[in-house]
Every structure is written in C-alpha cells, then in structure tokens.
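According to this note's numbering, the stretch in the sequence shown is residues 97 to 615, in order.
We treat Cβ as the ideally placed atom computed from N, Cα and C, and that holds for glycine.
Here's the structure, in structure tokens; my notes come after.
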Amino acid sequence: LGRVVRDHYPLRRQTDVKRNTKVVVSFVEAIDQESIINDTNGNGIFGDCLENQDPFSWEIHCDHLNTEAVQITILTDDEDNNQEAIRGAALTTLEGEDQEAFTFVFKPFNLLGNDQEAVRYNVRLTENIIKKRRDQDGDDVSIFEGQFTPFYEWYFDTDTIADFEPPRVESIYPNSRTVPRNSIVQVTFTEAMDPLALQGIINGEDNSFTHLIFHDPAVTGEWRITNGYRTVEFIGSEACGQNSCGDIIYCLPVSCVEEGCVDDYSALIRTADTQPENSFSAIPFSGVVDLSDNALDAGEIGVREGKPPVAGNPRLIGEEEDAPDNVLWQFRVRNEIDRTAPYVESVTPALDASGIRGDAPLRMTFNDAMWYRSLGAVNLHEYPFGVDGLEEPWFYLRAANVGEGENDKTVLRLEHREFGPGNRDLYYFTSVSSTVKNVTQNCLYPGQGPVVDVENRDAQGESSPTCVVGENENCVPVTLDPNTDTGCVQTTNPGQDGINLLQPDITTCIDFLENISVR
Numbered sequence: 097l098g099r100v101v102r103d104h105y106p107l108r109r110q111t112d113v114k115r116n117t118k119v120v121v122s123f124v125e126a127i128d129q130e131s132i133i134n135d136t137n138g139n140g141i142f143g144d145c146l147e148n149q150d151p152f153s154w155e156i157h158c159d160h161l162n163t164e165a166v167q168i169t170i171l172t173d174d175e176d177n178n179q180e181a182i183r184g185a186a187l188t189t190l191e192g193e194d195q196e197a198f199t200f201v202f203k204p205f206n207l208l209g210n211d212q213e214a215v216r217y218n219v220r221l222t223e224n225i226i227k228k229r230r231d232q233d234g235d236d237v238s239i240f241e242g243q244f245t246p247f248y249e250w251y252f253d254t255d256t257i258a259d260f261e262p263p264r265v266e267s268i269y270p271n272s273r274t275v276p277r278n279s280i281v282q283v284t285f286t287e288a289m290d291p292l293a294l295q296g297i298i299n300g301e302d303n304s305f306t307h308l309i310f311h312d313p314a315v316t317g318e319w320r321i322t323n324g325y326r327t328v329e330f331i332g333s334e335a336c337g338q339n340s341c342g343d344i345i346y347c348l349p350v351s352c353v354e355e356g357c358v359d360d361y362s363a364l365i366r367t368a369d370t371q372p373e374n375s376f377s378a379i380p381f382s383g384v385v386d387l388s389d390n391a392l393d394a395g396e397i398g399v400r401e402g403k404p405p406v407a408g409n410p411r412l413i414g415e416e417e418d419a420p421d422n423v424l425w426q427f428r429v430r431n432e433i434d435r436t437a438p439y440v441e442s443v444t445p446a447l448d449a450s451g452i453r454g455d456a457p458l459r460m461t462f463n464d465a466m467w468y469r470s471l472g473a474v475n476l477h478e479y480p481f482g483v484d485g486l487e488e489p490w491f492y493l494r495a496a497n498v499g500e501g502e503n504d505k506t507v508l509r510l511e512h513r514e515f516g517p518g519n520r521d522l523y524y525f526t527s528v529s530s531t532v533k534n535v536t537q538n539c540l541y542p543g544q545g546p547v548v549d550v551e552n553r554d555a556q557g558e559s560s561p562t563c564v565v566g567e568n569e570n571c572v573p574v575t576l577d578p579n580t581d582t583g584c585v586q587t588t589n590p591g592q593d594g595i596n597l598l599q600p601d602i603t604t605c606i607d608f609l610e611n612i613s614v615r
C-alpha cells in the first residue's frame, strides 16, 4: 500500500462490508502501542483484554482505541464531516524476537451501519501514530514523518446485515508431500481472518501459541499473517545456513540424522468454541476465527460440528482432535536444504506496453511457490510523481499458488489505483527486490525475469514472453557481478549488447528508466 501502511481491512472502497466486521491495519514499521491504544482495562499492557471474564464484554474488559490516532467516522456529504469517531476495542499481536507491534485490530462496540441502507465509513490514520524507534535525540517520530501527506485514509461501505458465515481452509502448503527442511508452512483461508487468532510464537513454554500446532513441541517458530489477512505462514526457529543474499535460513527439525532421510509431520488448526453450540458465533480468543468472529468450519459446509475437546496439554495434538471443525493434515520433511533461487517467469501487462487501460490488471508469475510475506518488497513506481498534486499511487498485493505438486507457482496481483487518472500520460515501473523469497527462503538473486527486444515488443500480446532460466532466451542475462545483477528491462535504450538491461540495483534502474521516459 505504500511506505507506511503494509495492509488493511476492509479494503479501500470495499462495498458490502458486514456490520460486525473488525477493522485491521498493519504497518511497515513497528509502532509504539501507547500511541494507538489506551490501557483502559488498567493491567499495564497496551492492546489486550482481561482473561476469564464471564460474561465477557469488549467495552469493559478490553483496551480502547485512541481516536486521536485512528479515526473511524461516518462519511457524509457535509464538507466539514464533523462526525464523532466511533469507539471500539483496540488490540494488537506482537511479532518477532523483540515482540513488536505491527498489526492492530479494532472492534467497534456497536454494529457498523444500519439495517436499512449502506453507510460509508472513513478511516484516517493520523500523524499522532508514533514509531517504536525514536530519533537520535530520543524524541517521538510520527509514522508520517517525511511522507507526501501527514495521514493515510480510505473509505468502505457497509452491508445491511451481519456476517454469520464461517471461514474455511482454501489451501495448504505443504500437504501430503515431501519438502526440504528449509520450507515454510503456509495456510490460506477463504476470507480475511483475525490476526489475534492466527499469529503467535510456538516455543514449548506455558505461554506458547496453541491455535496452530505441530505433532511435536520440538517444532518451534512463529506464525505470521499476510496476504490480506487470508494467509498465515510458519517459519521455524532453527538457524540452518544462509541464502545467496546472506540472510539466515531457518529449518524445521527432523529426528533422523542421515542425509536425505524423511520425518513425518502432522499439523493442527483448532477452531474456536461457540455459543450457542450449533452456531459459528465464536467465544473470543478460544480458537481460529474470521474478522466477524465466526469459528472455522471444516466439516460439512455450514454445519457446526463443534470444537473437539482439548485433552490435557494444549501444546500436544490430542487423539480426539482429528475431527471437524478442526483441520489436521500431514506432510513429510526431508533432511536436506534446497538452495534454488526463484525468478519472475512472466508479467502482465507486457514489457514496455503502452496505451494501458486505467483499470488494467497488473500481475506477475513466479516460477516457484513464494513466501507471501516477503512479497511486500514488490513495488510500483509512478513517473512523474505527484503531478498536478495527484495523490500517491496506492496498491495492495494478493497472492495465490497455482499448479500441482512440484510445479507450484505463485501468481501475484497488484490491485492498484487507476493508471493515468484524468487521462494523464504517466509511466509505471514495477520492481521486485532481492529480498523476495520462495517457500524455501531463497532470495530472488540475481534479478532474473522476462525480457524482449524492440523487434518483438509489439508481438507480445497481453503478457510478456515466458522466461525459463537455462532453457530459453526470454530471460534478462543478469550475472552474479554486483554491477550487473539487477535486470532493468526496457526496449527504448538497451545499449550495445544489451548492457543497459543490467544495472547494479533497483534505485539506479528506476533512475535510468525515468531518464529515458518521454516527459
């Protein structure tokens, strides 16, 4: 979405948002929780609810949203729009070794909208939101310091009904297959899910996350949500080497010691308890739920089988838990490390295409299944920037795996603001950083992807030629030399022997593309 906000829900201009939906925002940098959340329940923790409360109340037992930092208001035709910001609970889930807050969940105390007509809400993130990291003098720094505008806002429209439809699992990687030790685990749901129910650290201790677990408590690591809050990914905690970018690779543990030996894995997703038992309306924090607090459905569609009992230690998979509405699956882990780098296979629109519609689809296909969270390093640049006071171009990323078995590939869609709004003649450059990684944590290095020469540019069709590294000539000929490891694809000025197609980094490439663009 930009340099400040990583993602949010509801989406920009989304319609038919159900009235019991939570609002979620994820930031690029770690946030000072106290700048967004009031410790209303008084326990000294910013962004939680008091446990074991019966009856439970979001308003009484949870921390509240600071409406000076995040303003959710009804949008009217009144130019001043002096609507009072709605009140709600404000919660967060901490990430990483440093336990930092990037994602915040806001639960309105009252249903959004009404049962008669759609109501438009505006969400404004203000300059009162503070980064966790202070400046060199120890002073607060707003998340919008140095940005084009001192706020970020969007609107959405409500439906007239609440959501009582449960989520389901859409896809799992890996499932019933054998993968190398440096694989991540990836689960995608049919709709946006509550990060509070899906993110957490598995560490074998009493406070270990237990909504998604493995067959053995020795499997430690962290689940993190991504992909529009529809996908959760697990990365093990055992360091086992480096990739070609020098980043640490983390592995799943295996009990066997011979090279190439295989361990059997099981993994469990626990649905939430519900009340009443024949509905999907979940008891808060009792298991996996969507953003309307509907419990996971895994049996007959729309039929609530209930949550199987958790016997004894919740860090272990109980014998009775392999039943709806839980999800249990198996896969195998081989004692080997895969170091194969991914690359971009094709892009749409085609390379150096012109006359593109404002709503044209923008997507890229990778040759491998990708680590979705790393795809946040894909960027979209508009040139000239800010012409006629035009707002900064926004976009959000949505990924899906296609293919079967060992032929998994990821297709990444960039849902974007209109290209060239107001019939403006603007140029767009997409960039893929080397920090983008596949499911075995190998980085996209060198920057390999499709290329076309000027003679064949107009014969491309909707998409670029398909690059297959080592098999065809449709790939930009980057090298491992740091001066020529970035593919900078264009047909305007390729240079002698295509030398200008090879650049040292993305910044240099973007500068070059801007300089050769017609102003």
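With DSSP as the reference, please indicate the residues paired to D386 in a beta bridge. Stepping through the sequence shown from its first residue, residue 386 is reached at position 290. According to DSSP, D386 bridges with M289.
For P590, tell me which candidate among G566, D607, V548 and S560 has the shortest Cα-Cα distance. The residue labelled residue 590 in the question sits at position 494 within the sequence shown. If we check each option's Cα against that of P590, V548 comes out closest.
Would you say the region 288–306 touches the region 375–386, given that touching needs at least three Cβ pairs under 8 Å? yes
What residue range is occupied by the uninterrupted beta strand (DSSP E) comprising L187? Here residue 187 refers to the residue found at position 91 when the sequence shown is read from its first residue. Segment G184 to E191, the beta strand (DSSP E) holding L187.
Name the one or two DSSP bridge partners that K203 has. Residue 203 sits at position 107 when you count from the first residue of the sequence shown. K203 pairs with A185.
Over the uninterrupted beta strand (DSSP E) stretch that includes N218, give me the two end residues. Taking the first residue of the sequence shown as 1, we reach residue 218 at position 122. From DSSP, the beta strand (DSSP E) with N218 extends over R216 to L221.
Segment contact flag, the region 267–282 with the region 414–428, C-beta cutoff 8 Å, min 3 pairs: yes
With a threshold of 6 Å (Cβ to nearest heavy atom), would S388 be considered close to the ligand SAM? For the structure depicted, the ligand SAM is absent and the ligand set is empty, with no information on it obtainable.
Roughly how far, in whole angstroms, is the beta-carbon of F252 from the beta-carbon of L221, given that I think they are within contact range, below 8 Å? Within the sequence shown, residue 252 is the residue found at index 156, counting from 1. Within the sequence shown, residue 221 is the residue found at index 125, counting from 1. Wrong, their Cβ atoms sit about 14 Å apart, outside the cutoff.
Could you please give the first and the last residue of the uninterrupted beta strand (DSSP E) stretch that includes L508? As a first step, residue 508 must be located in the sequence shown, where it is residue number 412. Run containing L508: K505 to H512, per the beta strand (DSSP E) assignment.
Are the CB atoms of T284 and T322 within a distance shorter than 7 Å? As a working note, residue 322 is residue 226 in the sequence shown. As a working note, residue 284 is residue 188 in the sequence shown. Not a contact, by the Cβ cut-off of 7 Å.
Among the candidates T436, S527, I397 and F515, whose CA atom is the shortest distance from the CA of R264? Taking the sequence shown and counting its residues from 1, the one referred to as residue 264 is at position 168. R264 has its Cα closest to that of I397, out of T436, S527, I397 and F515.
Please look up how many angstroms separate the CB atoms of L146 and H157, rounded, as I've assumed it's under 8 Å. Position 50 of the sequence shown holds residue 146. Position 61 of the sequence shown holds residue 157. Contact flag correct, Cβ pair sits at about 4 Å.
Do G337 and L348 have their CB atoms nearer than 7 Å? As a working mapping, residue 337 is identified with position 241 in the sequence shown. As a working mapping, residue 348 is identified with position 252 in the sequence shown. Cβ distance not < 7 Å, so G337 and L348 don't count as in contact.
Would you say D259 and N116 are within 7 Å of each other, going by their C-beta atoms? Here residue 259 is taken as the residue at index 163 of the sequence shown, counted from 1. Here residue 116 is taken as the residue at index 20 of the sequence shown, counted from 1. Their beta carbons are under 7 Å apart, which means D259 touches N116 by this criterion.
Which of helix, strand or coil does DSSP assign to S131? As a position in the sequence shown, residue 131 is number 35, starting the count at 1. In this structure, S131 counts as helix in the three-state DSSP scheme.
Give the list of continuous beta strand (DSSP E) stretches no shorter than 3 residues that lie fully inside the region 442–528. 459–462, 474–479, 491–498, 505–512 and 523–528
Assigned exposure category for R229 - 16 Cβ within 10 Å defines buried: Within the sequence shown, numbered from 1, the residue matching residue 229 stands at position 133. By the 10 Å Cβ count, R229 comes out exposed.
From this set, V166, E164, G143 and A165, which residue's C-alpha is nearest E155's C-alpha? On the sequence shown, position 59 is the one that residue 155 refers to. Minimum Cα distance to E155 is reached at G143.
Assess contact between the region 302–317 and the region 400–418, defined as three or more Cβ pairs (one per stretch) separated by less than 8 Å. Is contact present? Taking 8 Å as the limit for Cβ pairs, the verdict is that the region 400–418 does touch the region 302–317.
In the DSSP assignment, find the alpha helix (DSSP H) that holds D144 and state where it starts and stops. Mapped onto the sequence shown, residue 144 falls at position 48. In the DSSP assignment, D144 falls outside any alpha helix (DSSP H), carrying neither H nor E.
State the start and end residues of the unbroken alpha helix (DSSP H) segment that holds H157. For the purposes of this step, residue 157 is taken as the residue at position 61 of the sequence shown. That run of the alpha helix (DSSP H) goes W154 to H157.
Could you work out which residue in I226, I257 and T169 is closest to R216 when comparing CA atoms only? The count along the sequence shown starts at 1 and reaches residue 216 at position 120. The alpha carbon of R216 has as its nearest neighbour, out of I226, I257 and T169, the alpha carbon of T169.
Less than 7 Å between the C-beta atoms of A363 and Y346, yes or no? Walking along the sequence shown from the start, residue 363 turns up at place 267. Walking along the sequence shown from the start, residue 346 turns up at place 250. In this structure, Y346 does not lie closer than 7 Å to A363 by Cβ.
Out of curiosity, what's the CA-to-CA distance linking L598 and A126? For the purposes of this step, residue 598 is taken as the residue at position 502 of the sequence shown. For the purposes of this step, residue 126 is taken as the residue at position 30 of the sequence shown. Roughly 35 Å separates the two Cα atoms.
Going by DSSP, name the residue or residues bridged to A391. Counting from one through the sequence shown, the residue named residue 391 turns up at place 295. According to DSSP, which records beta bridges pairwise, A391 is partnered with V385.
Relative to the C-alpha of A288, which residue among G300, R453, L107 and H307 is closest? Counting from one through the sequence shown, the residue named residue 288 turns up at place 192. Answer by Cα proximity: L107.
Taking the straight line between their C-alpha atoms, what separation do you get for G98 and S351? Position 2 of the sequence shown, counted from the start, is the residue given in the question as residue 98. Position 255 of the sequence shown, counted from the start, is the residue given in the question as residue 351. Rounded to whole angstroms, G98 to S351 spans 43 Å at the Cα level.
Cβ of F525 within 7 Å of Cβ of H477? By 1-based counting over the sequence shown, the position of residue 525 is 429. By 1-based counting over the sequence shown, the position of residue 477 is 381. The answer is yes: Cβ separation under 7 Å.
Alpha carbon to alpha carbon, how far is G184 from K114? In the sequence shown, the residue the question calls residue 184 occupies position 88. In the sequence shown, the residue the question calls residue 114 occupies position 18. Each residue's CA atom was taken as its position, placing G184 and K114 some 16 Å apart.
Looking only at DSSP bridge pairs, what is S377 linked to? Here residue 377 is taken as the residue at index 281 of the sequence shown, counted from 1. Answer is N390.
Endpoints, beta strand (DSSP E) assigned at D253: Here residue 253 corresponds to residue number 157 of the sequence shown, with the count starting at 1. Start and end: Y248 to D253.
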